[in-house]
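Just below is one structure, and these are the notes that go with it.
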Amino acid sequence: MDDPKKLDKYEECQHLEPFEKNWAMIAHASALLQFFIPVLGGIIGPFIVWVLKRDTSAYVDDQAKEAINFNITIFIYLVISLALVYVLIGYILLPIIFLTWLIFVLIAMINASNGKRYRYPLTIHFIH
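Here is the structure:
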């Protein structure tokens, strides 16, 4: 029934080990690979952290999945914006999406390093 490894939706995460906070922060920070591996770098980094650490901590599992979902969602928004470049609105949307992505990744990193669960806004949850 209930998986003891699953994080309670309302759990405060106050009894986290430092390695859990660090790996959760790395899951969010690894999305910055987008700068070095264009297109899918933002998804690859959090995915690697999730695969490596999902069984060691419910908190890391939760935050890595959140980072993956957010970066997949941003990728979808970027594809739509690229299509809208032909009607000029895409030129406005692309920098807005990029700055929003960067700001939210930085906020998520700070929250994760403090042991707080972070939920990105406007995220489609593909992985539960």
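To convert, note that position 54 of the sequence shown is 1458 in the numbering used here; the numbers rise steadily by one, no gaps.
For every residue, glycine included, the Cβ atom is placed at its ideal position computed from N, Cα and C.
With fewer than 16 other CB atoms across the displayed protein chains lying within 10 angstroms of its CB, I1507 is exposed.
Distance between G1494 and E1421, taken at the CA atoms: about 43 Å. By the Cβ-count criterion, H1532 is exposed, with fewer than 16 other Cβ atoms from all chains shown falling within 10 Å of its own Cβ. Taking the Cα positions, A1512 is about 33 Å away from Y1490. Distance between H1432 and L1492, taken at the CA atoms: about 31 Å. Linking G1446 to I1472 through their CA atoms gives a straight-line distance of about 8 Å.
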